[in-house]
Amino acid sequence: MPQPVADDVSVTSRRVRLVSRRAASGLLLLPGVALLAFGFLYPFGVTLFAPPAAEDPDVLGKLGGMLGDGYVLEVAARTVRVAALTTAICLLLGFPVAYLIARAPRRRQGLLLALAVFPLLLSTVVRTFSWLVILGRNGLISDLLTALGLADGGTQLLYTEFALIAGLTQLFTPIMILTSYSSLSHIDVKLEEAARGLGASPGRAFRRVVLPIALPGVLVGAMLVFAGAVTAFTTPLLLGGTRNRTLATLLYDYANVKLDWGAASAVALIMTALVVVAGLISGRLSKVGAV
C-alpha cells in the first residue's frame, strides 16, 4: 500500500520542480520584457494614439494621407523590392558558405567562421564607402567594363538600385552565415550518411534531411536581413542618393529636413508594419517546414 503514496509524492515533486523551472525562466525574461515594453511598446503606443497637438499633427491622419500618396508608395515598393532581393541574394551566398563551414574539420571551423564574419567588425560607413570607389564613374567596375568593350567609359552605377542591393548584400551576408551555421552545426553528419545509405541521392538527402532541420535558423537569418535592409539608413543614403530613396532616408528627410514629426512617425509605422508582416510570414513558413 505505501507504493501509491510514494508515487504521488514523486509526481508532486516533479511538478514542483517543473513549476520552479518555469518561474525561474520567467524571472530571467522579465528584464528583457520590461525593457521592450518601456523602450518600444510605450513610445509606439504614445506615437500612435496620442491626441494631436498644434505642433504635432495627427499621426494616423498623416498615415492615411501617405497611403494615398503615389511617391510614398513608390518609395515603399522600392524598399520592399530591395530588401527582398537583398535577402534572397544573402541566402544564396550565405547558406552554402555556412554549410561548407559546418562540414569542415572542427579545428578549421573557428577560423573559417571568423573570416566569414570579420566584415562585421568594420564600420558600416567604411564598408559602404568602399562601394563608392568600386561603383563610381571612374571606379573599378566602370574601368573593367570599358576595358572589355562593354561600355564607352564613365559608366555610373552609383545611385541605382543595383548599388543599393550590392551594398546591403555585403552588409548583411555575414549575419545570414552566422544564423545558418548555428543550425547546420547541430545537424549530425550521420543523418545524411544514413539517408544516402538508404538510396537517397546527395541532393535528395540534403532536401529531405538537412534543409528541414536547418530551416528555422535560415528563416531567422532571412528575417534579420530583411528587417535590417528595410531599416538601413547609411547605405541607402550614400549609395541610393536622392533618386533611389528608401523609407529610412524618407523618414530622415521628414524628421530632420522638413521637421514634420507627424509624417516621420507615419513612415516609421509603415516600416514597422513591413517588418511585422515579414515576421508573420517567416513564422508561418517555419511552421509549414516543421510539419
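Residue numbering for the sequence shown follows the working numbering, beginning at 283 and increasing consecutively. Each residue gets a CB set at the ideal place from its N, CA and C atoms; glycine is no exception. Note that the structure is predicted; figures quoted are calculated from it, not measured.
By the 16-neighbour rule on beta-carbons within 10 angstroms, Ser462 is buried. In the DSSP assignment, Thr455 falls within the unbroken alpha helix (DSSP H) covering Glu443 to Leu466. Taking C-alpha positions only, Val549 is separated from Thr531 by approximately 10 angstroms.
Secondary structure at Leu402: helix, using DSSP grouped into helix, strand and coil. Rounded to whole angstroms, Leu312 and Phe320 show a C-alpha spacing of 12 angstroms. Taking Ala477 as the centre and dropping the five residues before and after it, the same chain places the C-beta of Ala487 and Val491 closer than 6 angstroms to its C-beta, in chain order.
Put simply, the segment 465–483 does not touch the segment 556–571. Fewer than three CB pairs are less than 8 angstroms apart.
As the crow flies, the alpha-carbon of Leu529 is around 9 angstroms from that of Arg360. Take Arg363, set aside five residues on each side of it, and the residues of its chain with a beta-carbon closer than 8 angstroms to its own are Glu443, in chain order. Around the beta carbon of Ala380, 16 or more other beta carbons lie within 10 angstroms, which makes this residue buried. Put simply, of Gln391, Thr406, Arg419 and His468 the residue whose alpha carbon is nearest the alpha carbon of Phe515 is Thr406. It is roughly 41 angstroms from the alpha-carbon of Phe400 to the alpha-carbon of Gly352. Restricting attention to Ser465, Ala398 and Ala496, the CA atom closest to the CA of Leu453 is found in Ala398. Taking C-beta atoms as the reference points, Ile416 and Leu367 fail to come closer than 8 angstroms. Proximity to Lys344 across Ser564, Gly544 and Ala560 peaks at Gly544, based on C-alpha coordinates. When secondary structure is reduced to three states using DSSP, Phe515 falls in the coil class, being assigned neither helix nor strand. Beyond the five residues adjoining it in sequence on each side, Leu460 comes within less than 7 angstroms, by CB distance, of Val399 in the same chain, given in chain order. The criterion of a C-beta distance shorter than 8 angstroms is not satisfied by Gly503 and Ile469. Contact between Ile383 and Leu373 is ruled out by a C-beta separation of about 15 angstroms, above the 8 angstroms threshold.
Burial state of Gly499 is buried, judged by a 10 Å Cβ sphere holding 16 or more other Cβ atoms. Buried is the label assigned to Ala358, since at least 16 other Cβ atoms lie within 10 Å of its Cβ. Gly418 and Ala429 have their C-alpha atoms some 16 angstroms from each other.
With a 10 Å radius around the Cβ and a threshold of 16 neighbouring Cβ atoms, Pro518 comes out buried. Taking the C-beta atoms as reference points, Gly510 is found no nearer than 8 angstroms to Thr455. CA-CA distance, Leu501 to Arg385, rounds to 20 angstroms. Taken in chain order, no unbroken stretch of beta strand (DSSP E) lies wholly in the segment 320–397 with a span of 3 residues or more. Nearest in C-alpha terms to Leu533, of all of Ile552, Arg525, Gly522 and Gly308, is Ile552. Cβ contact annotation for Ala365 (same chain, cutoff 6 angstroms, sequence separation greater than five): Phe508, Ala511 and Val512, in chain order. Glu356 and Leu422 have their C-alpha atoms some 31 angstroms from each other.
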